[in-house]
Each structure stands twice: as C-alpha cells, then as structure tokens.
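K.L.:
Provided herewith is a single structure, encoded as structure tokens, for subsequent inquiry.
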Amino acid sequence: MNARSVRGALAVAASLCALTGVTACNVESGSTSAGADKSASSAPSAKDLKVGWSTIYLTPSWMQQTLKMLQTDVDKLKSAGKVSSFKTFNANGDTSQQIAQIRAMIQQKYDVILVDAGSSTALNPALEQAVAAGITVVAFDSLPTSTKVIRVGTDQKAWGSMMAEWLAKKLDGKGSIIAMNGPAGVAVSEDRWSGAETVFKKYPDIKIVSNVHSEYNLAPAAQAFASAYSAHPDIDGVFSQGGALSAAALQTLVKQDKKLVPITGENYNGFLKLWQSKQKEGFSSLATAQPNYLSVIALEAAVAKREGVDVPQDIDVPLPEITDDNLGDYAKPDQADDSYPINDLPQADIDKLIGK
Amino acid sequence: MRERLAVAARGNTDLLALAALLLLVLAAYQHYDSSLLTPASITILSAQFLPLILAAAGQTTVMLLGGIDLSLGAVLALAMAVFATYEAQGAGGVLAAAGLALCVAVAAGAVNGALVAYAGLPPIVVTLAASFLWGGATLVVLPQPGGQVPAGLVDAYNNGWNGVALPAVTVAVVLGLWRLLRTTRHGLALYAVGGNEHGAYASGLHTRGVKIAGYALAGAFTGLAGIGLAVQTGSADPTIGAPYTLNSIAACVLGGISFFGGVGRMRGTVLGALVIGLLTNLLLFTGISPFYQLIVQGVILVVALALKTYLTREAAV
Numbered sequence: 426m427n428a429r430s431v432r433g434a435l436a437v438a439a440s441l442c443a444l445t446g447v448t449a450c451n452v453e454s455g456s457t458s459a460g461a462d463k464s465a466s467s468a469p470s471a472k473d474l475k476v477g478w479s480t481i482y483l484t485p486s487w488m489q490q491t492l493k494m495l496q497t498d499v500d501k502l503k504s505a506g507k508v509s510s511f512k513t514f515n516a517n518g519d520t521s522q523q524i525a526q527i528r529a530m531i532q533q534k535y536d537v538i539l540v541d542a543g544s545s546t547a548l549n550p551a552l553e554q555a556v557a558a559g560i561t562v563v564a565f566d567s568l569p570t571s572t573k574v575i576r577v578g579t580d581q582k583a584w585g586s587m588m589a590e591w592l593a594k595k596l597d598g599k600g601s602i603i604a605m606n607g608p609a610g611v612a613v614s615e616d617r618w619s620g621a622e623t624v625f626k627k628y629p630d631i632k633i634v635s636n637v638h639s640e641y642n643l644a645p646a647a648q649a650f651a652s653a654y655s656a657h658p659d660i661d662g663v664f665s666q667g668g669a670l671s672a673a674a675l676q677t678l679v680k681q682d683k684k685l686v687p688i689t690g691e692n693y694n695g696f697l698k699l700w701q702s703k704q705k706e707g708f709s710s711l712a713t714a715q716p717n718y719l720s721v722i723a724l725e726a727a728v729a730k731r732e733g734v735d736v737p738q739d740i741d742v743p744l745p746e747i748t749d750d751n752l753g754d755y756a757k758p759d760q761a762d763d764s765y766p767i768n769d770l771p772q773a774d775i776d777k778l779i780g781k
Numbered sequence: 165m166r167e168r169l170a171v172a173a174r175g176n177t178d179l180l181a182l183a184a185l186l187l188l189v190l191a192a193y194q195h196y197d198s199s200l201l202t203p204a205s206i207t208i209l210s211a212q213f214l215p216l217i218l219a220a221a222g223q224t225t226v227m228l229l230g231g232i233d234l235s236l237g238a239v240l241a242l243a244m245a246v247f248a249t250y251e252a253q254g255a256g257g258v259l260a261a262a263g264l265a266l267c268v269a270v271a272a273g274a275v276n277g278a279l280v281a282y283a284g285l286p287p288i289v290v291t292l293a294a295s296f297l298w299g300g301a302t303l304v305v306l307p308q309p310g311g312q313v314p315a316g317l318v319d320a321y322n323n324g325w326n327g328v329a330l331p332a333v334t335v336a337v338v339l340g341l342w343r344l345l346r347t348t349r350h351g352l353a354l355y356a357v358g359g360n361e362h363g364a365y366a367s368g369l370h371t372r373g374v375k376i377a378g379y380a381l382a383g384a385f386t387g388l389a390g391i392g393l394a395v396q397t398g399s400a401d402p403t404i405g406a407p408y409t410l411n412s413i414a415a416c417v418l419g420g421i422s423f424f425g426g427v428g429r430m431r432g433t434v435l436g437a438l439v440i441g442l443l444t445n446l447l448l449f450t451g452i453s454p455f456y457q458l459i460v461q462g463v464i465l466v467v468a469l470a471l472k473t474y475l476t477r478e479a480a481v
C-alpha cells in the first residue's frame, strides 16, 4: 500500500515537472504577443491585429522561404502599427492537428487567420466557423474549397496546361513522353495533371508511355523516374509538374549520358542550375513557380479587408514564366539546390491584386 | 485470489497515474481556456478527439491479440471515403452510407485477420502490406479530396444536437458495448489468444477464428473513426488517415496495452488518447514555437512511458 502511494506521488511529481517545462517555455515567448488580451473587435479596423498562420508543413525549404518573406512583411506592418502579434502553427502533415489549430485560434480570438491547407476539403467546417466568429480568414498556396474564405493562389490547372502546351509545341505535336506527377490523391497534383491532360488530348500523336507518381522530393522522384526510363529509353520529352521531379529526370539523363530531351520545370534551384549548365548542350525547358510571395499577398489582403477594402474572394496570382532567355535572372549558382529563387512582387502589383 | 487482487491493483496504479496526468493537463488547459468545462467546449473537443479515440480502440483490439495494425490509417481513410462518396439523402441515406462504410471496414479488418491467422506471417508485415492495398483501394473510391456529408449532420456533430454532444455519446456507447463484450466468451477468448496462443489452442479455442473476429472488430472501430472524421470535416480526403496509425499506437502504449498481447484495458487507451489529444491542443495555447512543441510532446510521452514501465516493473517484483 505504502509503496503504491509513493509510486503515485512520483508519477504526479514527474508529470508536474514536464508541465512546468511547458509553462516555462510559455513565459519566454509570452512577450511577443502584446495584443493577446485584446478581444477581436467586430467593426473593421486594421490596428494591432493578432495574426496567426496555420501551415500543414513548416520544414520544407519552400515553406521556410515563405515564412521568411511573411515575417518581413509582418515586421513592416508591425512598425506601421497594423499588426501586433504573429504566430506560426505547424501541423506537421496532420490535417486533424490543423483543424485543432484553427479551433484554438478561434478560441483565442485571433483577428486574422492565414492558412496553407493540408486538405482541400477537411478544413472547411473549421474555417467557416472562424469566418462566422468575425475572423478574417485568408488561405494561400494549398487552398480549401470553401467559398467563404479569401483564397490567394495560382491556377494549378493553368500550370499543367502551360507546361503541356510548351512541351507539345516543342515536340511538334508528336512523340512519346513520360509524365512525372506528384503523389496520388493530392489536390495540387491532380489539378496540374488534369490541366495537362486536356492539352495532350488535343495532340493525339503524343503518347504518354508512363505516368509516374512520386513525392515532390528528389530521392524518391529519381528512383521513380529511373525505373520508368529504363522501360522506355526512347522518349522524346518529359512532362514534369514539380521542380524536384524535373531535377530528378534531368539528373538521370545527365548521369546516364543520354540525349537531353525537353523537360518542363519549376523554379527549384537544383533544376535551374542544371538547366543553365546544360543549356549549351541544347537542353531546353520552360519553368514556372509557386511564388513565395503568395503569403505576403494573403497577409496584405487580410489587412486591407480589415481596413474596409473590397477584397475579391478569389485572388488569382499570375504564374511566372522562366524561359531559356530569362533563366539567368532566376538561377542562383551560389545558393543551395533546395531553394526556390523568386523576387519580391512590387507593392503596386500586390495592391492591384487585392483590389486597393 | 490474492494474486488476482494484486494484478487488479497494479492495473489501477497504472491507470490512476495516467488519470492524474490527464487531470494535470486539464488543469493547465483550464488555465489557458477558461471555457473548457462549458458544454460548447466539450462538444468541440469530443468532436475533435472521437476519431483518435475510436482508432485507438481498434488498435487496442489488435494489440490485445498480440498484433499491431499498420494499415489502420488506410482502413480509416477507406471507410471515410466510402461514407462520403455515397450520395446520402436524408437520415436513411446517412445510415445506409454508414452501414456500407462499416461493412467495408469490417471486411478489410477480417481480411487482415485472415492473412495473419492463415498465412502465419507476423502481423506487422501483413498489415504493412495491407496498408498499401487499402490505401490503393481508397484512391480508387476517391481519387482526390471530395465527397459530401449532409451539412445538418456536420453541424449537429460539431456544434451539438439539441445541446447533446453526439461524439461524446458515441464514445460512451462504444465503450459500453466493449465492456459488455469483454465479459462474454468472445471477449475472454480475445485476451486468452493474445496472452498465450498455444495455451488457448490447447484449451480448445478456435484461435484462428478468434483472430479473424478480433481484427474484424478492430475494423469496425476503425470504420467508426473514419465515419466520425468524415462527419467532422464534412468531406473525405484519401490521404488524411496516415497519422492515425502511429498516433493510435501511441495512445495504446500510453494507456498500458502491452505489445505482447493479452494485457491492457480499453479505458486505459481512452485515457491515453485523451492525454495525447489534449496535450497537442494545450501546446497550441501555450504559444511555444512549433518545433519546440514537437520536442515537448515527445519528452512528455517518453516520460509518461518510462514512468509506466517503472511502475509496472516495480509492482511485478
């Protein structure tokens, strides 16, 4: 009996220690949320806004760059007195966790919720609840289907058709190609591919000999491409819908010393650098980008909305075009492969997009 | 008799420590969110935790049999997809959709069980392979996020139905059914086969049948979790299930379910799932940087597990 109560006490004590740790961490970061006690005002105003960003992933370099650009804009808005606090929530790939984050932000009376959605449908009820609570909700990059939130994105179908159109023209409308797509069941990947498919249907002489699904990561993409390529070594081109996929395909061709067929791309620096170095050997591509400044447009749109500006519900940001001619403006030979070179969007362009 | 009492006490020390941890988490939570104990909060939180609790209940059933289910997330997503793609019209339609989704999940579980029982392969291998099988089947049913759940049902589930927290009621009903089942021959057979398969066989139990039935029951729990998640989110997503596989195992282990089978209680699992769910929410409130949240979460889990092992080992001496 005695031993048991000792063990019980020990259990409680250890748990307490663990929780004290949690509280201690909180004290440190508590100072950053100056406006935490301020309740959300119902009247539109853009003063001392409490802003939170919930993202499905934070670790990929694209997200890190996005956070950096967003933070710069937050600092600017802070010194203008429009934003008082900014917090990032990382769902680490777990959509249920992201729902919890949005509910937590509603309960803590955030003024603005930015979201990079892990699922195009699953967050809708939570986001709509936030809107109903008077919170300005702006989604960017990976978008939910809800029409009640402001959505800042690029047209993923246009992405696919732009790439497919370029490739079809490059091949004079005939030849066999390998398609490199993202993971099955992911909305972005399906959308880009459906855009490409509609274009390829117009060119009956273009044969898709293999349709590969892979993570948007170099290692698995390289493996996936290598096995498809060994089955079909006589292809005339590669439709790729992501930079790491394009880099994987091009690297494989270079390593095996094969003919450098046209491969569509993205502003993934590893691909841009390789493209640049192989340009003399006749390699040609067209790349676009999911610009990191989507986050900045989203934040600016939220602030403008609080100021009473009539912000459009859907903000369609044009896709940049990286061609054989302007490649030099984008490729950054001195930077890591795993970065996404892009320049800031001028404030005038942002204002135009958000209806100012 | 004395031995049995000692065993019961040991189980309770375990659960009491876990309950104490839960209370601590609740107290800390209350500090950040004073509306915690209002009906609205209870509804929202139970809506959020139901899928994890039920998924963990499914995992518990498999673990009590001495197995482990790595295909749980995939089966969950499959049930979710079947439920949300069925064109449900009115209450009858919803019930038909739920029935269909449950049948699919139970069938998936039974297939897993049959493979484990008859192929004689380790459950971890079988269910890993099965996770690809069910993952692929989910993509056939629902190639990308979509499907629909009647808006009224979504609202009733998430915001309460005439003031009743439907998810909490569902969990209570499922736990009640489990309690009943546990005392029947089938429930005891489950523990017996998990604890000592050869002994169970020697005493005349049809161990293969027990395994298949156990995995099918796990499928039912998982299917319910998938339906819950579909109702919570108002739709289905073929890739949303994956995190539930590991989270359900974490909840089970925290709740005192043994990896070697035959030992553990469902109420422990529920406590474990609640601790994990509340803890992640609590960390959101504290405003710790996202990466430190993962560290703190990991540390608390390790401490809780180490403590649990220490407690049970001490008691066994």
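Residue numbers (this note's numbering), protein chains in the order written: chain A, 426 to 781; chain B, 165 to 481. Virtual Cβ for every residue (Gly too), placed ideally from N, Cα, C.
1. Which word fits residue 368 of chain B, buried or exposed, when buried means at least 16 other C-beta atoms lie within 10 angstroms of its C-beta?
2. With a CB to CB cut of under 6 Å and the five nearest residues on each side skipped, what residues in its chain are close to residue 303 of chain B?
3. I want to verify the contact list: residues of chain A whose CB lies under 7 Å from the CB of residue 448 of chain B, in sequence order.
4. Report the neighbours of residue 310 of chain B on chain A: residues whose CB is nearer than 7 Å to its CB, in chain order.
5. Express the C-alpha separation of residue 194 of chain B and residue 450 of chain B in angstroms, rounding to a whole number.
6. Taking the alpha-carbon positions, what's the residue 763 of chain A to residue 543 of chain A distance?
7. Just verifying my parser: in three-state terms, what is the DSSP assignment at residue 327 of chain B?
8. So which residues of chain A does residue 179 of chain B contact, with C-beta pairs closer than 9 Å?
9. With a threshold of 7 Å between beta-carbons, can residue 532 of chain A be considered close to chain B, or not?
10. List, in chain order, every chain A residue whose beta-carbon is nearer than 7 Å to that of residue 444 of chain B.
11. Name the DSSP bridge partner or partners of residue 691 of chain A?
12. Is residue 610 of chain A close to chain B, meaning its C-beta is less than 7 Å from at least one C-beta of that chain?
13. If I'm right that residue 379 of chain B touches residue 228 of chain B with Cβ under 8 Å, what's the distance once you round it to whole angstroms?
14. Would you call residue 707 of chain A buried or exposed, if buried means 16 or more other Cβ atoms sit within 10 Å of its Cβ?
15. Near residue 651 of chain A, which residues of its chain fall below 7 Å by C-beta distance, leaving aside the five closest residues on each side in sequence?
16. The alpha helix (DSSP H) that contains residue 210 of chain B, what's its start and end?
17. Looking at chain B, is there any beta carbon in it that lies within less than 7 Å of the beta carbon of residue 615 of chain A?
18. Here's a check: name, in chain order, each residue in its chain whose Cβ is nearer than 6 Å to the Cβ of residue 295 of chain B, leaving out the five neighbours to either side.
19. Would you please verify whether the beta carbon of residue 287 of chain B is less than 7 Å from any beta carbon of chain A?
20. Cα separation between residue 331 of chain B and residue 396 of chain B?
21. Taking contact to mean 3 or more Cβ pairs, one atom from each stretch, closer than 8 Å, check whether the segment 580-589 of chain A and the segment 614-627 of chain A are in contact.
22. Just grab the DSSP bridge partners of residue 561 of chain A for me.
23. Between A:595, A:624, A:512, A:638, which lies nearest to residue 787 of chain A when the distance is taken from Cα to Cα?
24. In the segment 483-514 of chain A, which residues sit with their C-beta less than 8 Å from some C-beta in chain B, listed in chain order?
25. Taking residue 562 of chain A and residue 540 of chain A to be in contact with their CB atoms under 8 Å, please state how far apart those CB atoms are, rounded to whole angstroms.
26. Just by C-beta distance, which residues in the segment 294-305 of chain B are closer than 7 Å to chain A?
27. Looking at chain A, is there any beta carbon in it that lies within less than 7 Å of the beta carbon of residue 403 of chain B?
28. Can you give me the C-alpha to C-alpha distance between residue 483 of chain A and residue 182 of chain B, rounded to a whole angstrom?
29. Scan the segment 547-617 of chain A and note each continuous alpha helix (DSSP H) run of 4 residues or more that stays entirely inside, going in chain order.
30. Using a Cβ cut-off of 7 Å (strictly closer), state whether residue 432 of chain B contacts chain A.
31. Can you say whether residue 452 of chain A is buried or exposed, counting buried as having 16 or more other CB atoms within 10 angstroms of its CB?
32. Using a Cβ cut-off of 7 Å (strictly closer), state whether residue 318 of chain B contacts chain A.
33. With a threshold of 7 Å on Cβ separation, who are the neighbours of residue 645 of chain A within its own chain once the five nearest residues in sequence on each side are excluded?
34. Report yes or no: is there a C-beta of chain A within less than 7 Å of the C-beta of residue 398 of chain B?
35. For residue 387 of chain A and residue 709 of chain A, what's the separation of their Cα atoms in angstroms?
36. Could you pull the start and end residues of the beta strand (DSSP E) that residue 747 of chain A belongs to?
P.N.:
Checking against the coordinates, here is how it stands:
1. exposed
2. 402
3. 514, 525, 526, 529
4. 546
5. 12 Å
6. 21 Å
7. The answer is coil: DSSP assigns residue 327 of chain B none of H, G, I, E or B.
8. Those within 9 Å of residue 179 of chain B in chain A number zero; the least Cβ separation is about 11 Å.
9. Yes, because at least one Cβ of chain B sits closer than 7 Å to the Cβ of residue 532 of chain A.
10. 522, 525
11. In the DSSP assignment, residue 691 of chain A forms a beta bridge with A:713.
12. Residue-level contact by beta carbon holds for residue 610 of chain A and chain B, with a gap shorter than 7 Å.
13. With a Cβ gap of about 11 Å, residue 379 of chain B and residue 228 of chain B do not count as contacting.
14. When all chains shown are included, residue 707 of chain A counts as exposed.
15. 677
16. From DSSP, the alpha helix (DSSP H) with residue 210 of chain B extends over 203-228.
17. Residue 615 of chain A counts as touching chain B.
18. For residue 295 of chain B, the CB contacts under 6 Å within the same chain, skipping 5 residues up- and downstream, are 234, 235, 238 in chain order.
19. no
20. 10 Å
21. yes
22. By DSSP's assignment, residue 561 of chain A forms a beta bridge with A:537.
23. The first residue shown for chain A is 426 and the last is 781, placing residue 787 of chain A beyond what the model contains.
24. 483, 512, 513, 514
25. 7 Å
26. 303
27. yes
28. Those two C-alpha atoms are separated by around 32 Å.
29. Whole alpha helix (DSSP H) segments, 4+ residues: 549-557, 581-595.
30. Not a single C-beta of chain A is nearer than 7 Å to the C-beta of residue 432 of chain B.
31. Low confidence applies here, because residue 452 of chain A scores a pLDDT of 36, under 50, leaving its location unreliable; read the following figure in that light. Taking all protein chains in view, the Cβ of residue 452 of chain A is surrounded by fewer than 16 other Cβ atoms within 10 Å, so the residue is classified as exposed.
32. yes
33. By the criterion of a C-beta distance shorter than 7 Å, residue 645 of chain A is surrounded in its chain by 639, once the five residues flanking it on both sides are discounted.
34. yes
35. Beyond the ends of chain A as shown, which are 426 and 781, falls residue 387 of chain A; an answer cannot be given.
36. Run containing residue 747 of chain A: none; DSSP gives neither H nor E here.
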